[in-house]
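Our numbering applies: residue 21 is where the sequence shown begins, and numbers increase by one. Have a look at the structure below, then the notes.
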Amino acid sequence: MSAHGTPIPMTAYASGPLTGAAHVPGDKSISHRSLILGAMAVGETRISGLLEGQDVLDTAKAMQAFGAEVTNHGGGNWSVKGVGVGGFAEPDNVIDCGNSGTGVRLIMGAMATCPITVTFTGDASLNKRPMARVTDPIALFGAQSVGRSGGRLPMTIVGAADPVPVRYTVPMPSAQVKSAVLLAGLNVPGETVVIEKEATRDHTERMLAGFGAEISTVETEEGRVITLKGQPELKPQDITVPRDPSSAAFPVCAALLVPGSDVVIPNIGLNPTRAGLFTTLREMGAELTYENERVEGGEPMADLRAKYSPNMKGITVPPERAASMIDEYPILSVVAANATGETVMRGVKELRVKESDRIDAMAKGLRANGVEVEEGEDWWIVKGVGAGNVAGGATCATHLDHRIAMSFLIAGLCSKAPVSVDDGGAIATSFPIFEGLMKDLGADIKRT
21 MSAHGTPIPM TAYASGPLTG AAHVPGDKSI SHRSLILGAM AVGETRISGL
71 LEGQDVLDTA KAMQAFGAEV TNHGGGNWSV KGVGVGGFAE PDNVIDCGNS
121 GTGVRLIMGA MATCPITVTF TGDASLNKRP MARVTDPIAL FGAQSVGRSG
171 GRLPMTIVGA ADPVPVRYTV PMPSAQVKSA VLLAGLNVPG ETVVIEKEAT
221 RDHTERMLAG FGAEISTVET EEGRVITLKG QPELKPQDIT VPRDPSSAAF
271 PVCAALLVPG SDVVIPNIGL NPTRAGLFTT LREMGAELTY ENERVEGGEP
321 MADLRAKYSP NMKGITVPPE RAASMIDEYP ILSVVAANAT GETVMRGVKE
371 LRVKESDRID AMAKGLRANG VEVEEGEDWW IVKGVGAGNV AGGATCATHL
421 DHRIAMSFLI AGLCSKAPVS VDDGGAIATS FPIFEGLMKD LGADIKRT
């Protein structure tokens with residue numbers, strides 16, 4: 021069943037050249053953070069280019085429930101009149117974060133040091149995902165949580181009435197955990213320190229600085245030491261959300277795989293903590309170029325141009341790159357299937373606890389379509405069969421996971437036989453215009 025309704029089976033068929041411009045939605049990570057920090061500022065934050073997928077809309081509803089005034093002005097233009105740091109009101113009802121792990125974990129952090137009690141839930145997929153990675157560190161501030169066995173939603177969190185500052189080393193590379201701790205630290209006297217051994221996406225740090233928080237990052241032998249001074253008055257901002265590199269991954273990879281294709285994807289955020297997939301594709305031999313490179317709002321951006329690349333070769337992806345492309349491994353595995361030789365991916369255990377077990381889901385689907393895959397707890401290897409040689413013909417289970425659904429639909433565009441997914445409904449959570457955008461480029465994708 022779809023995350024928000026009846027299942028939507030879909031099938032992708034071998035397509036002619038994909039051409040044109042693909043205007044993908046705004047960056048989901050930055051969209052979530054814009055709404056949350058806007059709600060914690062004093063005054064009106066204006067946001068343009070907000071991703072209007074269900075995940076972000078659920079975060080907008082949550083901020084309204086906490087007392088912020090959130091207005092949709094149309095065309096991706098939104099405004100948030102914030103309540104200030106520590107100003108969250110106690111919601112009247114349960115906060116439903118739908119399918120969004122990012123949304124729920126960041127919101128948990130933001131409310132953890134406010135003296136309010138909040139109950140969180142989500143859809144069937146989100147309610148299976150581990151929350152202890154956030155509830156453990158926010159407990160150090162003084163927050164209390166009670167959830168289902170295994171630290172799962174539904175879960176009630178009682179915010180700390182007298183929070184204390186924390187020094188916390190993130191045990192696994194996770195921008196969500198780091199960000200939750202930093203957001204909790206905003207309403208705490210003194211300095212909150214987060215140490216990460218491997219760099220993860222730094223949108224929260226950049227945005228906190230932009231809103232006027234006193235935050236610094238220093239590279240040490242321990243890793244990246246991020247220090248935040250608590251209880252600032254955040255100043256409202258005008259935010260232009262870059263277009264989402266994780267969404268751009270799908271038209272980019274489709275263009276690389278479908279013969280004769282030449283696609284431009286404008287205004288893509290190329291923050292180095294997010295752009296690992298594009299680096300990897302170019303190392304594989306993809307004809308992928310950056311045009312009109314620039315910096316906007318502290319975030320590097322460029323227009324991407326992707327052309328059919330039939331001679332890509334498998335590579336070993338450096339494990340230290342995993343954090344910068346963790347959401348893109350499913351679509352990378354589709355590219356790897358169409359490359360020559362083995363693509364080795366290690367240091368990726370985080371994929372086991374995403375919206376689904378993404379290694380298991382992609383491995384089973386690729387095998388069903390004639391591709392050999394080996395896997396372990398923290399690694400997997402896709403044995404490529406060369407451009408256009410994937411057999412296809414299978415129906416793949418998506419497990420309410422938007423990235424699994426989109427990855428297999430891209431696979432169908434360049435396989436010998438059509439590839440189907442049992443439910444494409446979850447795509448709306450992050451990329452609501454995916455179907456129309458791909459069809460406008462020339463892709464043959466149908467609801468079946």
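Even glycine gets a Cβ: it sits at the ideal position worked out from N, Cα and C. No experiment lies behind these values; they were computed from the predicted model shown.
query	result
Nearest residue (CA-CA) to Leu-126, options Ile-50, Val-62, Ala-414 and Phe-428	Ile-50
Cβ-based burial, His-52 [other Cβ within 10 Å; buried from 16]	buried
CA-to-CA distance, Ile-447 to Ala-23, given in whole angstroms	Residue placement at Ala-23 is poorly supported in this model, since its pLDDT is 44, which falls under 50; the coordinates still yield a value, given next. C-alpha separation (whole angstroms): 9 Å.
Limits of the unbroken alpha helix (DSSP H) element including Phe-428	422 to 432
Outcome for Glu-216 when other beta-carbon atoms lying within 10 angstroms are tallied against a minimum of 16	buried
Sufficient close CB pairs (3 or more, under 8 Å) joining the region 239 to 258 to the region 291 to 305	no
Sequence-distant residues of its chain with Cβ nearer than 6 Å to Gly-318 (five each side left out)	Arg-226
The region 271 to 280 / the region 32 to 52 touching (three or more Cβ pairs under 8 Å)	yes
C-beta atoms of Val-402 and Ala-431 nearer than 8 Å	no
Endpoints, the alpha helix (DSSP H) within which Pro-271 is located	265 to 277
Val-197 - containing alpha helix (DSSP H), residue span	195 to 205
Closest by C-alpha distance to Met-469, when choosing among Thr-79, Leu-371 and Ala-85	Nothing about residue 469 can be reported from this structure: the residues present for the chain run from 21 to 468 only.
Cβ neighbour criterion (16 or more within 10 Å) applied to Glu-375	buried
Extent of the continuous alpha helix (DSSP H) run through Pro-45	Careful: Pro-45 lies outside any alpha helix (DSSP H) and carries neither H nor E.
Beta bridge counterpart(s) of Ser-165 as assigned by DSSP	Ile-177
Inter-residue Cα distance where the pair is Ala-180 and Ser-145	28 Å
DSSP beta-bridge partners of Lys-466	Thr-31
Whether Leu-75 touches Thr-449 by CB criterion (8 Å)	For the sequence presented, residue 75 should be read as Asp rather than Leu. Yes, the pair counts as a contact, with Cβ atoms nearer than the cut-off.
Coil, strand or helix - Pro-37 by DSSP	coil
Residue range of the alpha helix (DSSP H) that includes Lys-81	74 to 85
Nearest to Ser-194 (by Cα), restricted to the options Arg-221, Asp-116 and Ala-425	Arg-221
Backbone secondary structure at Pro-339 - three-state DSSP	helix
Which of helix, strand or coil DSSP assigns to Val-90	strand
Spatial distance of Asp-323 from Ile-288 (CA atoms)	6 Å
Same chain only: Cβ atoms within 8 Å of Glu-234, ignoring 5 sequence neighbours per side	Leu-248, Lys-249 and Pro-252
Three-state secondary structure assigned by DSSP to Asp-365	Note that residue 365 is Met in the sequence shown here, rather than Asp. It is a strand residue.
Leu-352 versus Gly-232 - alpha carbon distance	37 Å
Inter-residue Cα distance where the pair is Ser-435 and Asn-409	7 Å
C-alpha distance - Thr-189 paired with Val-201, whole-angstrom precision	10 Å
Straight-line gap, Asn-92 to Val-405 (C-alpha atoms, nearest Å)	47 Å
At least three beta-carbon pairs within less than 8 Å, the region 409 to 425 to the region 337 to 344	no
Where Met-60 sits in the DSSP three-state scheme	helix
Residue environment, Ala-130, which counts as buried when at least 16 other CB atoms sit within 10 Å	buried
Cut-off 7 Å between Cβ atoms - residues of its own chain near Ile-424, not counting five sequence neighbours on either side	Pro-350, Ser-376, Arg-378, Ala-381, Met-382 and Thr-418
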